[in-house]
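Using my numbering, the first residue of the sequence shown is number 1, and each one after it goes up by one.
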Amino acid sequence: MTPSPAGRGRPRDERSGAAIVKAAAELVAESGYAAMSIGAVAARAGVGKDTIYRRWSGKPELVYEAVFTAADTADLPDTGTLEGDLTAVVQSLVEEFSTPAATAALPGLLADFAATPQLRATIRTRFLQPAKERLVAVFDRAERRGESGADLPVDLVLDTLAGAVFFHLGIIGERPDADLARRIATMIAKGIEAR
1 MTPSPAGRGR PRDERSGAAI VKAAAELVAE SGYAAMSIGA VAARAGVGKD
51 TIYRRWSGKP ELVYEAVFTA ADTADLPDTG TLEGDLTAVV QSLVEEFSTP
101 AATAALPGLL ADFAATPQLR ATIRTRFLQP AKERLVAVFD RAERRGESGA
151 DLPVDLVLDT LAGAVFFHLG IIGERPDADL ARRIATMIAK GIEAR
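Written out as structure tokens, the structure is:
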């Protein structure tokens, strides 16, 4: 979704955007992905459906933003070590994937992603790539401390972190134990440490 040109129409009301996102997360947790509708989100948020469609292409994009982007916007960890920083990143993913909304949304979103290449492209460019770009700072600090090399494939490392959480919680359906984030982060940190 591209922003509208500056100066055209009314400026966006960020409060209505927050209300829409909150309503979408609540409704998907309450009724499930398939039963949730843009009309129900609009009613709960107190906005018109057109307001939603001006910001999101449809239900999948809205639900993805409402349920799976909190970790992407959290403060960047700076614990002083790569393992500590990765533990914090993974813990935020574990918390995000453990919510009732995530559990309810994931199967339907996966089906929509598989069926709609344009949706995958939108999620990749609008949400995933900016989130990855933000996390490069974690690896830049690790390189300066001598914990990793300059040729580290950051995209692949981040995919591995998120993939481990996604598979463990979203596909297999395991309940996360208190040590899951640290164990995943330790495996990744040891695998990429400078030699």
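Think of the CB as a built atom: it goes at the ideal place given N, C-alpha and C, for glycine as much as any other residue. Every value quoted in this text rests on a predicted model; they were computed, and no experiment measured them.
Contact between the stretch 179 to 187 and the stretch 90 to 110 is present: three or more C-beta pairs spanning the two stretches fall below 8 Å. Counting only the Cα atoms, A25 lies some 17 Å from T51. With the rule of 3 Cβ pairs closer than 8 Å, the stretch 34 to 54 does not count as touching the stretch 115 to 132. Straight through space, the alpha carbons of L27 and A40 are spaced by roughly 8 Å. Per the C-alpha coordinates, the member of E14, D112, D177 positioned closest to S98 is D177.
For P60, the number of other beta carbons within 10 angstroms of its own is at least 16, and it is reported as buried. Counting only runs that start and end inside the stretch 118 to 154, the alpha helix (DSSP H) elements of at least 4 residues fall at 129 to 144.
Per the coordinates, the alpha-carbon of D140 lies some 9 Å from the alpha-carbon of G149. The beta carbon of A137 lies closer than 7 Å to those of L76 in the same chain, with the five residues before and after it left out. Cβ contact annotation for K190 (same chain, cutoff 7 Å, sequence separation greater than five): none. If you draw a straight line from the Cα of H168 to the Cα of E14, it is about 35 Å long.
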